[in-house]
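In UniProt numbering, the protein residues as written are 1 to 568.
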């Protein structure tokens with residue numbers, strides 16, 4: 001990812017902003033001293049070891065803690081939840097506060113002053129259109145605000161049992177991992193570990209009025225920057241997350257939230273204007289330039305963005321007519337533009353192999369989630385038409401089965417074909433981006449081989465997943481936490497909820513030394529804007545566990561890869 005230049009998004013400016021944000025954020029201030037973290041003296045993979053911090057819980061597990069303390073696993077986990085819940089909520093509040101201050105309030109004030117002096121043109125700050133993408137730019141902050149708004153405006157998802165059946169004494173859901181512990185619930189309550197009432201679960205931390213105000217200021221900044229810039233989009237801008245198409249998509253949704261139909265339609269028109277020029281041909285600006293198919297900069301990222309708009313249309317049925325209503329089956333279904341782009345993706349992927357798919361970019365055959373096969377196929381498998389096409393579906397299975405045979409003994413995956421070392425363990429490359437795909441294939445096929453591979457990946461993440469690069473999603477701790485939530489919500493194995501909580505606990509306790517590590521510490525994928533979303537999903541899983549309910553996979557959300565934020 002090329003370095004972006006959004007004002008106040010550098011480590012230096014973030015440190016300065018944290019110092020001036022008030023005493024309630026003093027624990028976020030970057031310290032000049034090194035974090036008090038001990039590295040393991042022995043390790044099995046030097047390449048992974050040099051990129052991670054020591055996991056102080058690496059030799060622990062929910063089962064071991066229960067056996068050593070002579071408490072049930074249920075009791076241990078409830079105590080862990082109660083111990084960390086308040087800290088996690090405090091972190092979300094503090095992170096959102098500092099993101100809003102540095103990325104919206106301060107730039108908005110400066111831009112308003114500049115705009116009034118220069119006839120509506122924003123000239124005071126050196127923000128360009130390259131600073132607007134959702135990955136590291138201000139549109140990523142807008143994504144976070146939209147997520148919080150939709151969750152605050154929605155009712156919590158309940159599977160079994162519904163809230164009315166949730167006992168204040170603890171679990172009442174008939175699941176193998178909870179039934180045996182039902183009797184301990186009264187003992188835990190007596191130990192002052194309360195089970196929350198359904199009405200108090202997932203209490204919204206921010207009012208709708210506050211979120212709408214910040215959304216309004218955010219899109220105002222974006223529009224002033226666009227107005228004062230000469231926008232020249234290229235093929236790398238087609239993706240929802242890595243390009244300007246994502247900025248337009250989020251602005252269309254944001255303006256609809258604000259009740260501004262005209263500006264919402266204007267952003268939809270921008271998307272329609274560029275799609276045929278950038279997504280369906282291999283030339284741009286009269287220069288020959290291949291189009292990527294990958295998630296971050298390529299066609300599959302556009303497919304997700306289109307589905308994002310249609311999922312929002314289903315969530316708000318009164319939205320503009322510029323986007324077709326999705327079928328009941330999927331937001332990816334019955335959309336001619338999605339079909340066109342998917343056909344181009346499949347055609348490109350078939351050029352290398354007859355019975356499987358492989359996509360090439362910059363002379364490399366990448367296998368990862370942000371770059372490569374895992375990200376492309378994860379979204380392709382969400383498309384009913386793809387799953388129903390036996391030839392296409394079989395080729396996808398062949399592709400993933402072949403890559404599974406390359407899984408390293410430590411559980412990681414190579415970043416590209418020909419790679420011989422287990423070196424990168426993060427969302428963009430490596431096992432992190434494969435867990436969700438493997439679980440999806442397990443759900444489609446019932447083949448436990450995919451679960452076994454996902455478990456190996458999570459074992460690797462547990463040992464080496466606490467990365468030095470910060471708290472973010474793409475190269476950080478909360479990105480590597482997310483697969484544990486995917487495992488927990490899919491398999492209902494509470495061991496993975498335990499591991500997710502421990503990772504979040506480590507991140508929150510060491511945030512003062514980790515928050516300023518990335519180049520864009522408040523962004524969606526390098527910084528804490530994305531961490532807010534993952535931590536919110538973890539809290540939902542924790543609350544459901546306390547109530548005795550089984551969380552749905554739609555309780556959690558990874559920006560750009562699923563549409564769970566719209567599922568109520």
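For each residue, glycine too, the CB sits at the ideal point set by N, CA and C.
Quick caveat: nothing in here was measured; it's all calculated off a predicted structure.
- Contact between the segment 456-467 and the segment 50-57 is established, with three or more Cβ pairs separated by less than 8 Å.
- Secondary structure at residue 526: coil, using DSSP grouped into helix, strand and coil.
- Short of 6 Å from the beta carbon of residue 312, and not among the five residues preceding or following it, lie these beta carbons of its own chain, in chain order: 253.
- In this structure, the straight-line span from the alpha carbon of residue 205 to that of residue 82 is close to 18 Å.
- The alpha-carbon of residue 385 is positioned some 10 Å away from that of residue 330.
- Contact between residue 369 and residue 279 is ruled out by a C-beta separation of about 21 Å, above the 8 Å threshold.
- Around the beta carbon of residue 411, a 10 Å sphere encloses 16 or more other beta carbons of the protein chains shown; the residue is thus reported as buried.
- Residue 406 counts as exposed, since fewer than 16 other beta carbons sit within 10 angstroms of its beta carbon.
- The DSSP assignment places 494-509 and 511-514 as complete runs of the alpha helix (DSSP H) inside the segment 488-519, in order along the chain (cut-off: 4 residues).
- Taking every protein chain shown into account, the CB of residue 391 has fewer than 16 other CB atoms within 10 angstroms, so this residue is exposed.
- When beta bridges are read from the DSSP output, residue 364 appears opposite 361.
- Residue 86 is classed as exposed because its beta carbon has fewer than 16 other beta carbons within 10 Å across all chains shown.
- Judged by DSSP in its simplified three-state form, residue 279 adopts coil rather than helix or strand.
- Taking C-beta separations shorter than 6 Å and ignoring five residues to either side along the sequence, the partners of residue 314 in its chain run 326, following chain order.
- In this structure residue 540 is buried. Its beta-carbon is surrounded by 16 or more other beta-carbon atoms within 10 angstroms.
- Bridge partners of residue 467 according to DSSP: 52.
- Contact between the segment 529-540 and the segment 555-566 is established, with three or more Cβ pairs separated by less than 8 Å.
- At least 8 Å separates the beta-carbon of residue 226 from that of residue 268.
- With a minimum length of 4 residues, the unbroken runs of alpha helix (DSSP H) contained wholly in the segment 423-468 fall at 435-445 and 448-464.
- If you ignore the 5 residues before and after residue 505, its C-beta comes within less than 7 Å of the C-beta of 84, all in its own chain and listed in chain order.
- In this structure, residue 250 keeps its C-beta atom at 8 Å or more from the C-beta atom of residue 216.
- Under a 10 Å Cβ-count criterion, residue 262 is classified as exposed, with fewer than 16 other Cβ atoms of the shown protein chains found around its own Cβ.
- In the DSSP assignment, residue 325 is bridged to no other residue.
- When only Cα atoms are considered, residue 456 and residue 303 end up about 30 Å apart.
- Here residue 137 carries a coil assignment [DSSP, helix/strand/coil].
- By the criterion of a C-beta distance shorter than 6 Å, residue 564 is surrounded in its chain by 554 and 557, once the five residues flanking it on both sides are discounted.
- Under the DSSP assignment, residue 89 falls in the alpha helix (DSSP H) whose first and last residues are 73-100.
- The beta-carbon distance between residue 73 and residue 145, rounded to whole angstroms, is 37 Å. This is too long to meet the 8 Å contact definition.
- Exposed is the label assigned to residue 353, since fewer than 16 other Cβ atoms lie within 10 Å of its Cβ.
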